[in-house]
Structures are given as structure tokens and as C-alpha cells.
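*Asks:* My numbering runs 428 ahead of the 1-based position in the sequence shown. The C-beta atom is built at its ideal place from N, Cα and C for all residues, glycine as well. Before anything else, here's the structure in question.
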Amino acid sequence: TSLDERDLERTGVSGSAHDQVMRLAELAESAGLDGIVCSGQEVAAVHKQWKKGFFVVPGLRPAGAAVGDQKRVVTPRQARDDGASVLVIGRPISRADNPVQAAREIEATL
429 TSLDERDLER
439 TGVSGSAHDQ
449 VMRLAELAES
459 AGLDGIVCSG
469 QEVAAVHKQW
479 KKGFFVVPGL
489 RPAGAAVGDQ
499 KRVVTPRQAR
509 DDGASVLVIG
519 RPISRADNPV
529 QAAREIEATL
């Protein structure tokens, strides 16, 4: 979730982040893995391709929150609606003035 096409290109990966995630998801499924970690921007497409997959989605941000170093973010609600199995929400909770309240506010959007 902290890489974009430019970052991938610098590591020798051509094409879009979306295409790379789809290729890796297909490899993971054919290798017999249960699932993958992917950004919320790809989880809907991966879920459509891999119906029984288990998808951990990090880098989630509540609507209007600062994205920080994350480049491919969606809201927790969007990730859930798009097929995420596990939502990883770190800094919006851990760095909040009141982490419990922040977690409750995010939970209320689900």
C-alpha cells in the first residue's frame, strides 16, 4: 500500500500496481495459498478472481484522514464492501489522541 507504479518500476517491475497484484494473486492461488495481503484498491478485483481467497488489507484510512506514507488507500468500509477478510487500521487509531474513541468511530462506519 506504500508503493505505486514509479516505485515498482524502480524495482524492475513493469506495468501497473493493479496488474502486478493480479499476477501475484493468481500465482498465490495456483500455489495453494489461502490468501494474500493487498491494498484496498485491488481487493475487489482479486476477490472477483479468487472467490474463496482470504484478503488482508492494510493501509486503510477513514474518510478525510491524512494518508501519510500510504499511496493506495481506501476507507475501511470500502475495503470491507469490496471483499476484505481482515482490515488493518494502524495509525488512524494508534496515533489518535483518544485511540478507543477513534476505533469506535471507525467501527461505526462499518
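(1) Suppose the cutoff is 7 Å on Cβ atoms and the five residues either side in sequence are ignored; what does the same chain contact list for VAL501 look like?
(2) For the alpha helix (DSSP H) holding VAL471, just list the boundary residues, first then last.
(3) Tell me which same chain residues have a C-beta within less than 7 Å of the C-beta of ARG519, skipping the five on either side of it?
(4) Could you give the DSSP three-state label for LEU488: helix, strand or coil?
(5) At what residue ranges does the segment 487-522 contain a whole run of the alpha helix (DSSP H), taking only runs of 4 or more?
(6) Alpha carbon to alpha carbon, how far is ALA459 from THR503? Give it in angstroms, no decimals.
(7) Give me, in chain order, the residues of the same chain whose beta-carbon lies closer than 7 Å to that of ALA445; leave out the 5 immediate sequence neighbours on both sides.
(8) Out of VAL471, VAL441 and ALA536, which has the shortest C-alpha to C-alpha gap to ALA453?
*Replies:* Looking at the atomic coordinates:
(1) For the purposes of this step, residue 501 is identified with residue 73 of the sequence shown, where counting begins at 1. Here the set comprises THR429, GLY468, GLY487, LEU488, ARG489 and VAL495.
(2) Numbered from its first residue, the sequence shown carries residue 471 at position 43. Element bounds for VAL471: 468-477.
(3) As a working note, residue 519 is residue 91 in the sequence shown. Counting only Cβ-Cβ distances below 7 Å, and skipping sequence neighbours, we find GLY496.
(4) Within the sequence shown, the letter at position 60 stands for residue 488. Coil, per DSSP.
(5) For the segment 487-522, whole alpha helix (DSSP H) runs of length 4 or above, ordered along the chain, are 504-509 and 519-522.
(6) Here residue 503 refers to the residue found at position 75 when the sequence shown is read from its first residue. Here residue 459 refers to the residue found at position 31 when the sequence shown is read from its first residue. If you draw a straight line from the Cα of THR503 to the Cα of ALA459, it comes to about 30 Å.
(7) Here residue 445 corresponds to residue number 17 of the sequence shown, with the count starting at 1. So the list reads LEU431, ASP432, GLU433, LEU436 and ARG500, once near-sequence residues are dropped.
(8) Residue mapping note: residue 453 aligns to position 25 of the sequence shown, counting from 1. Closest option to ALA453, judged by alpha-carbon separation, among VAL471, VAL441 and ALA536: VAL471.
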